Structures are given as C-alpha cells and as structure tokens.
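Numbering (the UniProt record's numbering), first residue to last: 1 to 350. Glycine included, C-beta positions come from ideal geometry on N, C-alpha and C. Here the structure is a predicted model, which means the values were calculated and not measured. A short worksheet on the structure shown next.
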C-alpha cells in the first residue's frame, strides 16, 4: 500500500474536497501510474451527487486518465516504466464471459469494475478514480498513448471519444451515409469530428441557431435547428443514423421521423425514463431501430486513440485547476464549457 491524494465527495450533498487515501501495491499484472491529466465527465457529477442511486462514498471521480508508468508487476509485458498511458471507464472485468471474449468488457455479463465507486474484484475495496495523484490498474485495462498526441486533449478520448466512436464503428457509419448528431457538448462535438473522419455526411441537430457557425467549425456539413418545425419537417426521412448525445430527457419522436426506413437512432445517454413516450408507429412503419451503446471495449479504446492520432482529432478542452472542481461542476450544469474540462494534476500538489 502507498499513500495518494485526491479530491472526493464524502456525501451526495458535500463538495469535492482533498482526501488522503491508500492505493494498493502493484499486483503481478498491475501497472502503477502517476496521473498527469484527468478529464471531467458529466457522469462524474451524476455519481458524486448520487443522481443514479448507485454511488459509494467516499467517492473519487475521474475516468479520463492520462499518466506515466512508475512501476509494473512481474507479469506485465505491454507497458514499462516511463510509458505514457491512459485509463478509461473500466479497470477490470471477469475476462471469461462471452462479452469479454469478444473484447466488449463494458458488457461483461458479471458487470465490469468501473474506474471509481465499484468494488475491486480481488479485495472488495471501493475503486477510486482519476481526480488523484496516482492509480494502480491491471495492464489489460491500460492503453498506450500514441506518440505525438497532445496529452491534455487526449484525456477525454478515453470516455467522450470512445463513447461516440464505438457505435459509429459498430453500425458501420462511413462514406455514403448521412448521420445526424444530437447535441454538441463533450460527446457531440467529438461525434461530429469522428463521423466526418469516417467519411459520413454530418448534420448537427441543435436547439439554437447561434451554434451553427461553431458546428461547421467542428466539421458539420449542415445544421438543423430542432426547435424550428419547418426545418424538422424538411428533414423527414433524410438520415441513415442518428447519434443522440443529449444527456437529459427529451422527446425522441421528432428525431425518429428524420430517419430513413431501416434507420438507426443510437442513444449514448442514460435518459430514462424516456419521456414523452415513444410513438411505436415511428419505429414499426419504417422498420426503424432505437439502439443503445455504452462506452467501448479496451481494444476499441486503443483503436480510437490511434484513429484520433492518425487524423489529428482533438477534443476541445479547457484546462482546470483541481481546486476549482466544484465551480467547474456548476459551469458544466449550466453548459458553460467548450467542451471538456481537463484537470492539470500538477495543481493537486499546489
């Protein structure tokens, strides 16, 4: 065991505050990492405030982790001391079920061990995330950062990037396809960039005409203002795919009507319960599909990092002093960030 420091919530209503805690000594298959940067995801807020009802306290968020290897266990072969590496949303799984065998650890039939607020599979201790000085993770769940990548902007790829890339790849989005991206936050702006790089024709759905110029700067070919009934009617039957990154409840029905027959509306946000209710005819009469997708497996996370390095895709970020994390949460709730906060862990020592 060794001492680490970080920021954690002690209760659903308490602000994040400094905390000293113990990290385990590396097991034979483990990699110890000094954390350099950690992205701030909206799910960190949901968990810190127990909005999903599954939080375990003390709760230390953070699952978009970039760092440098400081030690490795005796069995580790993929990483060495000094390597730049990343850790995303998971740190373990059963590794034997059908999903794990297909490199889909996020769908582990026994449930993946998340980077924070879930029991460690070996000792049952509560996992602590990346708002901290260091972390120890099984090498299978550690990815390599490609040479030359900008490290702070690479951090959100480990969640926002893989969450949008995985469904695009699974559904074969590419040249000749028309895709609509719903929402332009941390996930949505990455969805635009990735879908464009895959060769699709990309349209952003937004509630505000004011975002049109910014959407085109991000790579969107077209913009539809979803509050404009005439624009929505004109878009009926246009799209092969919709990638829905809106993190709050919203009416899916008007968007479903913009799909072609056999079109697919992909949810990546936990917006349950769906309200207003779905109109079944929007699905049945055109053989449309409402699908979901959860982050991505470890091999695919490495793939999206490599893809972003190859295509020079970066998440737009704002650097954050960890001492301002609580104010950052309020700004995120207000939509006042373009498009992802990334904590500079050097400020943890300040």
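Between the Cα of residue 125 and the Cα atoms of 147, 75 and 58, which residue gives the shortest distance? Closest option to residue 125, Cα to Cα, is 58.
Run through DSSP, which three-state label would residue 190 get? DSSP, reduced to helix, strand and coil, places residue 190 within a helical segment of the structure shown.
Which class does residue 201 belong to by DSSP, given the choice of helix, strand or coil? Residue 201 carries a strand assignment under DSSP once its states are collapsed to helix, strand and coil.
Apart from the five residues just before and just after residue 236, which ones in its own chain have a Cβ nearer than 7 Å to its Cβ? Correct list, in chain order: 257 and 258.
Using a threshold of 9 Å, state whether the C-beta atoms of residue 78 and residue 32 are closer than that. Cβ distance not < 9 Å, so residue 78 and residue 32 don't count as in contact.
Return the chain-ordered list of same chain residues with a C-beta closer than 7 Å to the C-beta of residue 352, the five sequence neighbours on each side being excluded. Residue 352 is absent from the structure shown; the chain starts at 1 and stops at 350.
Less than 9 Å between the beta carbons of residue 131 and residue 16, yes or no? Yes, the pair counts as a contact, with Cβ atoms nearer than the cut-off.
With three or more C-beta pairs closer than 8 Å as the rule, is the stretch 266-285 touching the stretch 299-307? The stretch 299-307, when compared against the stretch 266-285, does not touch it at the 8 Å Cβ threshold.
Tell me whether residue 8 sits in a helix, a strand or coil according to DSSP, three-state version. Strand at residue 8.
Residue range of the alpha helix (DSSP H) that includes residue 38: Premise fails: residue 38 lies in the beta strand (DSSP E), 30-40, not in any alpha helix (DSSP H).
Quick one: complete beta strand (DSSP E) runs, 3+ long, within the stretch 88-164? Counting whole runs of 3 or more residues, the stretch 88-164 contains the beta strand (DSSP E) stretches 90-92 and 134-138.
Would DSSP call residue 286 helix, strand or coil? When secondary structure is reduced to three states using DSSP, residue 286 falls in the coil class, being assigned neither helix nor strand.
Based on the DSSP output, what are the partners of residue 3 in its beta bridges? According to DSSP, which records beta bridges pairwise, residue 3 is partnered with 22.
DSSP three-state label for residue 251, please. Residue 251 falls in the coil class under three-state DSSP.
Any contact between the stretch 337-344 and the stretch 144-159? By contact I mean 3 or more CB pairs, one from each, below 8 Å. The stretch 337-344 makes contact with the stretch 144-159; the number of CB pairs closer than 8 Å reaches 3 or more.
For a test of the three-state rule: what should DSSP assign to residue 330, helix, strand or coil? In the structure shown, residue 330 sits in a helix (DSSP, three-state: H, G or I).
Hey, out of 66, 298, 214 and 182, whose CA is closest to residue 254's CA? Selected option, being the one with the closest Cα: 182.
Who are the Cβ neighbours of residue 287 in its own chain at under 8 Å, not counting the five residues just before and after it? Closer than 8 Å at Cβ, skipping near neighbours: 261 and 262.
Taking the continuous alpha helix (DSSP H) assigned at residue 303, which residues delimit it? It spans 298-311 - the alpha helix (DSSP H) in which residue 303 sits, taken as one unbroken run.
Distance check for residue 64 and residue 38, CA to CA, integer angstroms please. Looking at the backbone, the Cα of residue 38 and that of residue 64 are separated by about 5 Å.
Looking at the structure shown, is residue 240 part of a helix, part of a strand, or coil, going by DSSP? Note: residue 240 maps to strand in three-state DSSP.
With which residues is residue 341 paired in a DSSP beta bridge? For residue 341, which the question treats as bridged, DSSP gives the partners 40 and 318.
As a quick exercise: from 170, 217, 338 and 199, pick the residue whose alpha carbon is nearest that of residue 300. Here the closest residue by C-alpha is 170.
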